[in-house]
Each structure stands twice: as structure tokens, then as C-alpha cells.
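Residue numbers (the numbering used here): 89 to 194.
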């Protein structure tokens, strides 16, 4: 599957994922290392001083990575729940569907 998704990204697809499973994480990591376009949905919100780590910062600055946080920042790390995972996966699906419809309407 990693080969399939990386091939799609090399042909112009944007990979969208909350990278919850080990498999999703491996695909996203490989795509990030290959400087392919990614949208990452993080369950941890941003605060005023949030800044991605070096590799992520560079990818964002170069237009290869967009990080979205659907929920507000929390000072303490709350455990990732099944409900949160389902919501992140649904948001991912909706982003992909809207993007697909937009691309095919133009």
C-alpha cells in the first residue's frame, strides 16, 4: 500500500491522513521524506506559540505539508479516543471528497 500511495502522490495526488495506524504513519513518513504533498490532521490543537518541528516546519514552508487541527489546544495531553479517531477519519474522507469534486468540476 505504501508503494501505491507514494506512486499516486508522485503523480499529483495529495495524501490526507490523521496518521493514526502504524501503516498510515509509515506512508506519511515516507511521503514527507520524499517531499510529496501531504495534509495531516492532528488531534492536538495549536496554541499561540505552536510551531512544527524542524522537518515539519521545512515541509510547511516549502508547501509540501499542511497541518490541520480540528480541535482547540489543550494544555494537557488527553488520550486519543476511538471517537476522536473516527471523527478524524471522517474529516479526512470529507476533505478528499470535496477536493475530488472540485478537481473534476474544473
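Even glycine gets a Cβ: it sits at the ideal position worked out from N, Cα and C.
All of these numbers come straight from a predicted model, not from anything done at the bench.
Taking 8 Å as the cut-off, the Cβ atoms of residue 128 and residue 107 count as close.
Nearest C-alpha to residue 182 among 94, 89, 90 and 104: 104. The segment 167–177 and the segment 126–140 touch, with three or more beta-carbon pairs separated by less than 8 Å.
If you draw a 10 Å sphere on the C-beta of residue 119, you find 16 or more other C-beta atoms in it, and that means buried.
Partner residues in the beta bridge of residue 128, as assigned by DSSP, are 105 and 155.
The beta-carbon separation of residue 94 and residue 122, rounded to 7 Å, stays under the 8 Å limit for a contact.
DSSP places residue 111 in the uninterrupted alpha helix (DSSP H) bounded by 110–121.
In this structure, the CA atom of residue 153 is about 16 Å from the CA atom of residue 187. As the crow flies, the alpha-carbon of residue 125 is around 12 Å from that of residue 144.
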